[in-house]
Amino acid sequence: MAKAKTSLTAVKRRAEELDTIAAVLPIERRDELAELLTDHDVETLRHLVNQGMGDNTLRALTSDLAYLEAWGLAATKKSLPWPAPEALLLKFVAHHLWDPEKRAADPEHGMPGDVDENLRSQGFLKSAGPHAPATVRRRLANWSTLTRWRGFDGAFASPSVKSAIRLAVRAVPRTRGRKSAKAVTGDVLARLLATCATDSLRDLRDRAMLMVAFASGGRRRSEIAGLRREQLTVEPPIPVEGGSPLPSLAIHLGRTKTTSGDEDDVVYLTGRPVDALNAWMVAAKIDSGSVFRAIGRWGTLSRRAIDPQSVNAIIKQRVELAGLERGEFSAHGLRSGYLTEAANGGIPLPEAMEQSRHRSVQQASSYYNNSTRRSGRAARLLR
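The sequence shown begins at 45 in this note's numbering and counts up one residue at a time.
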């Protein structure tokens, strides 16, 4: 495995510095990152935290920076140079966007075998085949952002880099798939909730997690895993004509990619999800700190938050218990399912986006379009 020689003292120091960042930006694999990232990398991340960048954006930057450093070490046996020369950017494109058919005839085409093996051994590569063009573009964009934050100009906008990406994408056409093959719509959610029927801690937690994630607009798994009791505030009950008022909670998401500065993104929970969340927090005696926590094999509640991967694993486990196909649903299915259900319920797109906090109308509207096109008049000209 190609790694730069780093003193244990430097690694320990960076690990401690990453801990200070983790107060704002939860970082997984801290010890591995401390060995992989350079002092300048950690300082850049600390600077971005102090500049008030949204937590989700910082997670994406950190994840991509770790991948870029790992790839750079594997491909060049050296840490990334800043700014990166144009040749290195072209090498990155060539290693990640390639034609599987051409590679079958020419093993040298695409990412070299030793680089591929190195990245897989560290857990940076999992699926086979070339990267999705959107992933390559995102990593190059974050690479460019980090370059600018370091005070350098990069070659990211050079004609040769743009041309290389365009030609590579054209040579390897891909059909973009959903992050979750199927949306967790209301009927699917009901089946998942039916598997959480007891008063055990695990069932109470999973029921609250599913309902909160869906009803709060389809929150991302990182937001659910990172949710803290201090982010919740009790709101006045919602009056219901001819019925009892509904309990209401506000979830303060803090800084996100749709806010800036000291702005605070807020979404609301009303009714059953509030009851489910309160039932879990009372049973687990959670009055501060992480809301959704790990539960041990013997039912022991951890003081630490679950990680985002566990959110996905829990959802897949509930999918399996409900008799559904495990591979067809994921945590993102709650997000797409919320918008799909909103479309089916006739809720206006702007109102649904206020809760989901989508920034892109185009992205959010795709769920509405998919929901209505199949049964719409345009699809029924010949009946």
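Note that the Cβ used here is the ideal one computed from N, Cα and C, for glycine as well.
Asked, Found
"Per DSSP, which residues does ARG337 bridge with? Please list them.", "ALA349"
"Using the Cα positions of ALA176 and ILE209, report the straight-line distance between them to the nearest angstrom.", "11 Å"
"Along the chain, where does the alpha helix (DSSP H) containing ASP331 start, and where does it finish?", "No alpha helix (DSSP H) contains ASP331, which DSSP labels as neither H nor E."
"What residue range is occupied by the uninterrupted beta strand (DSSP E) comprising LEU293?", "287 to 298"
"Pick helix, strand or coil for ARG57, following the three-state DSSP scheme.", "helix"
"For a minimum of 3 consecutive residues, which ranges assigned as the beta strand (DSSP E) are wholly contained in the region 122 to 208?", "none"
"Shortest alpha-carbon distance to GLU113 belongs to which of PHE136, GLU60 and LEU102?", "PHE136"
"Could you tell me if SER374 is buried or exposed, where buried requires 16 or more neighbouring beta carbons within 10 angstroms of its beta carbon?", "buried"
"Identify which residue in LEU190, PRO144, ALA54 and GLY262 has its Cα closest to the Cα of MET97.", "LEU190"
"Given a threshold of 16 other Cβ atoms within 10 Å of its Cβ, counted over all protein chains shown, does ASP197 qualify as buried or as exposed?", "exposed"
"Along the chain, where does the beta strand (DSSP E) containing GLU279 start, and where does it finish?", "276 to 284"
"Identify which residue in ALA320, PRO291, GLN275 and SER260 has its Cα closest to the Cα of GLY5.", "The question about residue 5 has no answer, for the chain in this structure spans 45 to 427."
"With 16 as the cutoff for other CB atoms within 10 Å, does VAL232 come out buried or exposed?", "buried"
"LEU313: which of ALA119, GLN399 and ARG265 sits nearest, CA to CA?", "GLN399"
"Taking its Cβ as the centre, do 16 or more other Cβ atoms sit within 10 Å of ARG220, making it buried, or is it exposed?", "Because the pLDDT of ARG220 is 49, which lies under 50, any placement of that residue in the model is unreliable, and the number read from its coordinates should be weighed accordingly. ARG220 should be labelled exposed."
"Per DSSP, which residues does TYR312 bridge with? Please list them.", "ALA294"
"Quick check on ARG401: does DSSP put it in helix, strand or coil?", "coil"
"Report the option in LEU132, GLY286 and PRO281 whose CA atom is closest to the CA atom of ALA294.", "PRO281"
"Less than 7 Å separating the beta-carbons of LEU237 and ARG246?", "no"
"Which of helix, strand or coil does DSSP assign to ARG103?", "helix"
"Quick one: Cα of GLU369 to Cα of VAL363, how far?", "7 Å"
"By a C-beta neighbour count over all protein chains shown, 10 Å radius and 16 as the cutoff for buried, is VAL284 buried or exposed?", "exposed"
"Would you mind stating whether VAL205 and HIS140 have Cβ atoms separated by less than 7 Å?", "no"
"What would DSSP say about ARG263, mapped onto helix, strand or coil?", "coil"
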